[in-house]
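Chemist: Numbering-wise, the UniProt record's numbering puts 104 at position 104 of the sequence shown, and it's gapless, one number per residue. Every residue gets a Cβ at the ideal spot worked out from N, C-alpha and C, and that includes glycine. Quick one: the structure is below, questions incoming.
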Amino acid sequence: MTSGGCSGVFELRLKSFVNDYGKDSVGQCCSGEPPAPGSGLCSGPCRTRFRVCLKHYQAQIDTTSPCTFGDVMTPVLGENSVHLTGDSFDNLIRFPFDFTWPVSPQLLSSSLGRL
Numbered sequence: 001m002t003s004g005g006c007s008g009v010f011e012l013r014l015k016s017f018v019n020d021y022g023k024d025s026v027g028q029c030c031s032g033e034p035p036a037p038g039s040g041l042c043s044g045p046c047r048t049r050f051r052v053c054l055k056h057y058q059a060q061i062d063t064t065s066p067c068t069f070g071d072v073m074t075p076v077l078g079e080n081s082v083h084l085t086g087d088s089f090d091n092l093i094r095f096p097f098d099f100t101w102p103v104s105p106q107l108l109s110s111s112l113g114r115l
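Structure, rendered in structure tokens:
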């Protein structure tokens, strides 16, 4: 593996997020109440925000390991479903970096499955 010095900004723009059932990231109702029998819908809304973690390539993503290149937490953007396509909100998430970025042919030809 070789490395190259650089600086720049990694940018991510969110478009929408749909959470029809009102469940959190571990599958529980945000309200703390059990889901409605039959439908599985939760009674209270979630307060939706995002944590974006930028890390080195992993074939199996470990959500408990540290974010190699940093992380960003958005403010609460809405309730269960959030649509960020209007001009009223600048939804660009930026990760400025100024460090040695690892370079390898495998990394350059791979795509990140999820953030």
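Determine the closest residue to Thr85 out of Ser7, Lys15, Gly8, with distance taken between C-alpha atoms.
Modeler: Lys15
Chemist: On a CA-only basis, which of Met73, Pro34, Ser65, Pro35 is nearest Arg49? Give me that one, please.
Modeler: Met73
Chemist: Pull the bridge partners of Glu79 from the DSSP assignment, please.
Modeler: For Glu79, which the question treats as bridged, DSSP gives no partner whatsoever.
Chemist: Taking one C-beta from the segment 44-60 and one from the segment 75-84 each time, how about it: are there three or more such pairs within less than 8 Å?
Modeler: yes
Chemist: Relative to the alpha-carbon of Val52, which residue among Gly40, Cys42, Thr68, Gly44 has its alpha-carbon at the smallest distance?
Modeler: Thr68
Chemist: Relative to the C-alpha of Ser31, which candidate in Leu92, Cys42, Asp98 has its C-alpha closest?
Modeler: For the residues Leu92, Cys42, Asp98, the minimum Cα distance to Ser31 belongs to Cys42.
Chemist: Of all the options Arg13, Phe10, Gly44, Glu33, which has the alpha carbon lying nearest to the alpha carbon of Asp20?
Modeler: Gly44
Chemist: For the beta strand (DSSP E) that contains Asp71, what are its first and last residues?
Modeler: 71-73
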